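Engineer: Numbering (our numbering), first residue to last: 260 to 921.
Have a look at this one before I ask anything.
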Amino acid sequence: MRILNLGILAHVDAGKTSLTERLLHAAGVIDEIGRVDDGNTQTDSLALERQRGITIKSAVVSFVVGDTTVNLIDTPGHPDFIAEVERVLSVLDGAVLVVSAVEGVQPQTRVLMRTLRRLGIPTLIFINKIDRRGADPGRVFGELAEKLSPAVASMGSAAGHGTADASFTPFGDEPGFAGRLLDVLADQSEALLAAYVHDEGSVSYARLRAELAAQTGQALAHPVFSGSAITGAGVDALIAGIEELLPAAEGDPEGPLSGTVFKVERGPAGEKIAYVRMFSGTIRTRDRLSFAREGEFGAPRQGKVTAISVFDRGTAAQGPEVGAGRIARLWGLADVRIGDTIGLPRKAETQGHFAPPALESVVTPVRPGDRGALHLALAQLAEQDPLIALRQDDVRQEVSVSLYGEVQKEVIQATLRDDYGIDVTFRETTTICVERPIGTGAAVEAIGKELNPFLATVGLRVEPGPRGGGVEFRLEVELGSLPYAFMRTIEETVHETLREGLRGWQVVDCVVTLTHSGYLARQSHMGGGFDKSMSSTAGDFRHLTPLVLMSALAQAGTMVEEPMQSFRIDLPADTAGQVLPVLARLGAVPRAQFPGLLAGDIPVAGVHALEQQLPGLTRGEGVLECDFDRYQPVRGPVPERPRTDHNPLNRKEYLLRVVRRV
Numbered sequence: 260m261r262i263l264n265l266g267i268l269a270h271v272d273a274g275k276t277s278l279t280e281r282l283l284h285a286a287g288v289i290d291e292i293g294r295v296d297d298g299n300t301q302t303d304s305l306a307l308e309r310q311r312g313i314t315i316k317s318a319v320v321s322f323v324v325g326d327t328t329v330n331l332i333d334t335p336g337h338p339d340f341i342a343e344v345e346r347v348l349s350v351l352d353g354a355v356l357v358v359s360a361v362e363g364v365q366p367q368t369r370v371l372m373r374t375l376r377r378l379g380i381p382t383l384i385f386i387n388k389i390d391r392r393g394a395d396p397g398r399v400f401g402e403l404a405e406k407l408s409p410a411v412a413s414m415g416s417a418a419g420h421g422t423a424d425a426s427f428t429p430f431g432d433e434p435g436f437a438g439r440l441l442d443v444l445a446d447q448s449e450a451l452l453a454a455y456v457h458d459e460g461s462v463s464y465a466r467l468r469a470e471l472a473a474q475t476g477q478a479l480a481h482p483v484f485s486g487s488a489i490t491g492a493g494v495d496a497l498i499a500g501i502e503e504l505l506p507a508a509e510g511d512p513e514g515p516l517s518g519t520v521f522k523v524e525r526g527p528a529g530e531k532i533a534y535v536r537m538f539s540g541t542i543r544t545r546d547r548l549s550f551a552r553e554g555e556f557g558a559p560r561q562g563k564v565t566a567i568s569v570f571d572r573g574t575a576a577q578g579p580e581v582g583a584g585r586i587a588r589l590w591g592l593a594d595v596r597i598g599d600t601i602g603l604p605r606k607a608e609t610q611g612h613f614a615p616p617a618l619e620s621v622v623t624p625v626r627p628g629d630r631g632a633l634h635l636a637l638a639q640l641a642e643q644d645p646l647i648a649l650r651q652d653d654v655r656q657e658v659s660v661s662l663y664g665e666v667q668k669e670v671i672q673a674t675l676r677d678d679y680g681i682d683v684t685f686r687e688t689t690t691i692c693v694e695r696p697i698g699t700g701a702a703v704e705a706i707g708k709e710l711n712p713f714l715a716t717v718g719l720r721v722e723p724g725p726r727g728g729g730v731e732f733r734l735e736v737e738l739g740s741l742p743y744a745f746m747r748t749i750e751e752t753v754h755e756t757l758r759e760g761l762r763g764w765q766v767v768d769c770v771v772t773l774t775h776s777g778y779l780a781r782q783s784h785m786g787g788g789f790d791k792s793m794s795s796t797a798g799d800f801r802h803l804t805p806l807v808l809m810s811a812l813a814q815a816g817t818m819v820e821e822p823m824q825s826f827r828i829d830l831p832a833d834t835a836g837q838v839l840p841v842l843a844r845l846g847a848v849p850r851a852q853f854p855g856l857l858a859g860d861i862p863v864a865g866v867h868a869l870e871q872q873l874p875g876l877t878r879g880e881g882v883l884e885c886d887f888d889r890y891q892p893v894r895g896p897v898p899e900r901p902r903t904d905h906n907p908l909n910r911k912e913y914l915l916r917v918v919r920r921v
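As structure tokens, this is what we get:
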């Protein structure tokens with residue numbers, strides 16, 4: 260039995276959850292099709308999903324098509340939940356991108372398709388809602404070729420679109436279809452083009468279908484089907500295309516262990532349940548696993564598998580093991596987190612490429628007595644979504660969360676109320692900036708010097724690194740000059756300290772070099788045990804490193820940069836004059852202007868306001884597409900972020916808070 264891990268992706272309201280229901284019904288998994296509007300679909304299980312009619316969390320369901328078991332993953336379409344989509348992309352063998360026959364290609368459609376193509380994920384396209392008034396599958400197909408990829412191939416014709424009797428008829432081996440297929444496929448296949456020339460313009464239909472499957476499997480061509488998830492029109496043709504054109508999962512069950520955790524949920528008793536896609540090897544019940552995330556410091560976390568539930572043949576059943584190619588739920592891994600790699604990590608290019616959230620807001624409990632419970636609840640939510648980063652400010656007794664957009668606030672608020680019984684409010688959303696070193700700075704603190712109360716010597720140099728290079732830690736001291744545990748402590752503390760720079764923002768893209776080190780070896784009194792008062796400990800290095808690092812950073816200086824998004828606005832040509840002044844007020848810089856099109860850069864802080872004002876400025880016809888582009892220096896007053904650490908920039912204040920305990 261072949262296995263195919265399939266993702267359903269789309270912009271909001273394109274109908275992907277309805278398509279999931281239709282696929283399950285066609286496969287005999289469910290007897291009655293649920294409706295998003297009625298809140299009774301298989302994959303939207305959260306109360307807020309049913310209330311809002313949108314998908315927030317990915318869900319996995321399984322069905323059988325011919326000799327293929329399809330593990331289907333329904334994903335969110337709203338851009339505020341793009342992090343959820345990112346995790347799903349890392350485990351897919353193929354995807355179906357759903358586009359509405361009425362609204363056509365939307366900004367989110369473009370973002371998804373660009374990512375699918377960049378990651379090389381084989382993709383079919385389904386033009387949905389051909390039965391809706393205003394449906395025009397021919398126009399939408401033209402948009403696909405113009406805005407998504409020229410390598411799209413129509414797999415049939417729609418009739419009666421815009422009516423309840425709309426239908427889709429797959430093409431056969433008629434000459435017209437063969438010619439159109441040849442036009443799409445010949446650009447990527449010299450062998451096919453040579454065969455066409457050699458056979459004087461004739462290539463067999465079987466050869467064309469085989470080449471179509473090959474190029475689809477390499478994400479070079481994208482077959483397009485049309486239909487209606489509500490009426491079922493065209494769905495049988497799509498199912499046949501899924502079985503014929505998308506490649507099955509690969510992997511050696513006897514190979515080295517390699518898997519990815521793409522979802523974590525909690526069971527009725529609060530236990531963690533990890534959703535894992537296996538790429539190689541086999542996991543068995545009672546196996547002890549090691550798991551870690553890229554860039555994480557310290558030893559890998561570990562856990563013992565107590566139960567396994569494998570998605571297979573239309574259901575998720577308890578089993579003794581899960582092998583390569585499959586998706587399973589694992590119990591017993593108490594410390595597991597989304598994004599963890601089990602066993603060997605995959606290649607970097609197979610990972611997601613979405614930008615981190617660029618907004619944040621302070622969450623405040625309505626009842627002051629809920630502060631402790633709020634922090635615990637938010638920590639659990641962050642476990643399920645690693646891009647929801649928490650900042651705990653012990654001085655002000657506040658917690659901030661990072662966000663993609665305003666809708667995410669509502670989801671967090673509803674989840675805290677419904678699942679944890681905690682009512683909260685949010686403060687105004689602010690932009691998350693970063694700091695970048697602009698020069699080189701160095702500092703040293705040595706054992707025995709009057710101002711150094713710690714039994715450690717640390718010298719650090721800070722200098723700018725390449726953009727996108729992150730924080731790199733280097734050594735100029737000899738590898739044996741310091742015990743490994745102390746060296747590791749310094750490196751970990753460097754990364755932790757750089758979460759808050761001179762202005763309180765995370766410091767990025769720099770090189771930190773350890774230039775000096777020293778310690779007092781483990782000592783004890785005659786006949787006594789280990790004496791901390793005369794021996795260096797990891798705590799000495801953990802407390803001294805922030806002082807040295809921030810002193811070096813202050814000498815280097817930093818520049819605060821804000822996130823910028825590239826934008827594209829499709830609009831009526833006569834409304835550009837009303838939009839341009841608004842763009843200027845929001846700090847946007849137009850880069851291109853044509854009749855019906857404006858493009859340029861805009862600070863993230865201005866995107867929400869632009870989204871709100873654009874409909875009124877363009878008679879409701881303006882379409883905005885934004886995508887993270889880069890960070891650039893802040894223009895105007897430099898924003899500062901309140902510190903949440905012990906403030907190593909103020910030596911006296913820092914030492915009052917950090918005491919060497921003996």
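Glycine included, C-beta positions come from ideal geometry on N, C-alpha and C.
The structure displayed is predicted, hence computed values, not measured ones.
Expressed to the nearest angstrom, what Euclidean distance is found between the alpha-carbon atoms of ALA593 and TYR663?
Structural biologist: Roughly 28 Å separates the two Cα atoms.
Engineer: Measure the alpha-carbon distance for LEU914 versus LYS708 and round it to whole angstroms.
Structural biologist: Rounded to the nearest angstrom, the two C-alpha atoms are 15 Å apart.
Engineer: Just mark PRO381 as buried or exposed, buried being the case when its beta carbon has 16 or more other beta carbons within 10 Å.
Structural biologist: Looking at its Cβ environment, which holds 16 or more other Cβ atoms inside 10 Å, PRO381 is buried.
Engineer: Check whether chain B comes within 8 Å of HIS457, counting only Cβ atoms and requiring the distance to be less than that.
Structural biologist: Here chain B cannot be found, since the structure has a single protein chain.
Engineer: Short of 6 Å in beta carbon distance, which residues of its chain neighbour ALA488, apart from the five on each side in sequence? Order them along the chain.
Structural biologist: For ALA488, where only same-chain residues beyond five positions count, the Cβ hits under 6 Å are GLY274, SER277, LEU278, ARG281 and ASN387.
Engineer: So, helix, strand or coil for VAL271, using DSSP?
Structural biologist: Note: VAL271 maps to coil in three-state DSSP.
Engineer: Could you check what DSSP says for ALA977 in three-state terms: helix, strand or coil?
Structural biologist: As shown, the chain starts at 260 and ends at 921. That puts residue 977 outside it, with no answer to give.
Engineer: Just the Cα atoms here: how many angstroms apart are ARG391 and GLU580?
Structural biologist: One C-alpha to the other measures close to 46 Å.
Engineer: With a floor of 3 residues, list each beta strand (DSSP E) that falls wholly inside the region 836-915, ordered by position along the chain.
Structural biologist: You should have 848-853, 856-862 and 882-892.
Engineer: Of the residues ARG525, GLY881, VAL730 and PRO805, which one's Cα is nearest the Cα of THR756?
Structural biologist: Out of ARG525, GLY881, VAL730 and PRO805, PRO805 has the C-alpha closest to the C-alpha of THR756.
Engineer: Report all residues from its chain with a CB closer than 7 Å to the CB of ILE681; omit the five preceding and five following residues, and keep chain order.
Structural biologist: Excluding positions up to five away in sequence, the list reads PRO624, ASP629, ALA632, LEU633, ALA636 and LEU675.
Engineer: Could you check if ARG910 is buried or exposed, using at least 16 other CB atoms within 10 Å of its CB as the buried criterion?
Structural biologist: So ARG910 counts as exposed.
Engineer: Taking the beta strand (DSSP E) that ALA684 belongs to, which residues open and close that run?
Structural biologist: One detail in the question is off: residue 684 reads as Thr in this sequence, not Ala. That run of the beta strand (DSSP E) goes 683-685.
Engineer: Which one of VAL347, GLY421 and VAL893 has the shortest CA to CA distance from VAL361?
Structural biologist: Checked all of VAL347, GLY421 and VAL893; the closest Cα to VAL361 is GLY421.
Engineer: What would DSSP say about ALA673, mapped onto helix, strand or coil?
Structural biologist: Reduced to three states, the DSSP call for ALA673 is helix.
Engineer: Would you check if there are 3 or more beta carbon pairs closer than 8 Å linking the region 319-330 to the region 443-453?
Structural biologist: The region 319-330 vs the region 443-453: no contact.
Engineer: What residue from GLU880, GLY798, CYS769 and SER810 has the CA that sits closest to ILE828's CA?
Structural biologist: Minimum Cα distance to ILE828 is reached at GLU880.
Engineer: Assuming ILE498 is part of the alpha helix (DSSP H), what are its boundary residues?
Structural biologist: Counting along the chain, the alpha helix (DSSP H) containing ILE498 begins and ends at 494-504.
Engineer: Going by beta carbon distance, what residues of the same chain come within less than 6 Å of ARG552, once the five residues before and after it are set aside?
Structural biologist: So the list reads GLY598 and ASP599, once near-sequence residues are dropped.
Engineer: For GLU820, which option in VAL882, PHE732, LEU761 and SER659 has the closest C-alpha, if you only look at C-alpha atoms?
Structural biologist: Among VAL882, PHE732, LEU761 and SER659, the Cα nearest to that of GLU820 is on LEU761.
Engineer: Cutting at 8 Å between CB atoms, please list the residues of its own chain near MET537, excluding the five before and the five after it.
Structural biologist: Here the set comprises GLY510, SER517, GLY518, VAL581, GLY582, ALA583, GLY584, ARG585, ILE586 and ALA587.
Engineer: Tell me whether ASP571 sits in a helix, a strand or coil according to DSSP, three-state version.
Structural biologist: Correct three-state label for ASP571: strand.
Engineer: Using 10 angstroms around the beta-carbon of ARG626, count the other beta-carbons present and answer buried if the total reaches 16, otherwise exposed.
Structural biologist: Exposed is the call here.
Engineer: Only counting the same chain, and skipping five residues up and downstream in sequence, which positions put a Cβ closer than 7 Å to that of THR684?
Structural biologist: So the qualifying residues of the chain are THR623 and VAL625.
Engineer: For GLN656, is the classification buried or exposed, using 16 other Cβ atoms within 10 angstroms of its Cβ as the cut-off for buried?
Structural biologist: Exposed is the call here.
Engineer: Can you tell me the Cα-Cα spacing of PRO896 and THR689, whole angstroms?
Structural biologist: Each residue's alpha carbon lies about 15 Å from the other.
Engineer: Could you check if GLY562 is buried or exposed, using at least 16 other CB atoms within 10 Å of its CB as the buried criterion?
Structural biologist: Its Cβ being crowded by 16 or more others within 10 Å, GLY562 is buried.
Engineer: For LEU640 and ILE749, I'd like the C-alpha separation in whole angstroms.
Structural biologist: In a straight line, the C-alpha of LEU640 is about 30 Å away from that of ILE749.
Engineer: Helix or strand or just coil, what does DSSP make of ALA587?
Structural biologist: Note: ALA587 maps to strand in three-state DSSP.
Engineer: With a threshold of 16 other CB atoms inside 10 Å of the CB of PRO366, please say whether the residue is buried or exposed.
Structural biologist: The residue is buried, with at least 16 neighbouring Cβ atoms inside 10 Å.
Engineer: Where does THR276 fall in DSSP's three states?
Structural biologist: THR276: helix per DSSP, three-state reduction.
Engineer: For the beta strand (DSSP E) containing TYR464, list its first residue and its last residue.
Structural biologist: Careful: TYR464 lies outside any beta strand (DSSP E), inside the alpha helix (DSSP H) at 464-476.
Engineer: Kindly indicate which residue of GLY875, GLN672, SER661 and SER776 has the alpha-carbon position closest to the one of THR834.
Structural biologist: It is GLY875 whose Cα lies nearest to the Cα of THR834.
Engineer: Taking its Cβ as the centre, do 16 or more other Cβ atoms sit within 10 Å of PHE550, making it buried, or is it exposed?
Structural biologist: Classification of PHE550: buried, given that the 10 Å Cβ count is 16 or more.
Engineer: Leaving out five residues before and five after GLU530 in sequence, what residues of the same chain have Cβ atoms less than 7 Å from its Cβ?
Structural biologist: Hits under 7 Å: TRP590.
Engineer: Where does GLY739 land, buried or exposed, given buried means 16+ other C-beta within 10 angstroms?
Structural biologist: It is exposed - the Cβ of GLY739 has fewer than 16 other Cβ atoms within 10 Å.
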